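Structure first, commentary second.
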Amino acid sequence: MDYDIIKVQLDGEFKICPSCGYKDGFHSMFRKEGGITRWLFICPSCHSVFDIGFTV
Ligand SMILES: [Zn+2]
Numbered sequence: 002m003d004y005d006i007i008k009v010q011l012d013g014e015f016k017i018c019p020s021c022g023y024k025d026g027f028h029s030m031f032r033k034e035g036g037i038t039r040w041l042f043i044c045p046s047c048h049s050v051f052d053i054g055f056t057v
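In this note's numbering, the protein residues as written are 2 to 57.
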């Protein structure tokens, strides 16, 4: 893993990137950790990875 995962508290909506301000939403990625699969979001502009607590 060569990226940081930024934990975000989901408050209303998650559309604007907290890192760079990009406001058109996110790409998705999934990461298996032990018994769960985390649903992570990647900013298309600055490529920060966010975890808003979703699992699949
Ligand atoms: Zn960004």
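C-beta: ideal position from N, C-alpha, C; glycine also. These numbers were taken from a predicted model, which means no experiment stands behind them.
- The DSSP-derived three-state label of residue 33 is strand.
- With contacts defined as CB atoms closer than 8 Å, residue 9 and residue 55 fail to qualify as a contacting pair.
- CA-to-CA, the gap between residue 6 and residue 49 works out to about 7 Å.
- Counting the other CB atoms within 10 Å of its CB gives residue 31 a total below 16, which places it among the exposed residues.
- If you compare the alpha carbons of 41, 16 and 22 with that of residue 4, the shortest gap goes to 41.
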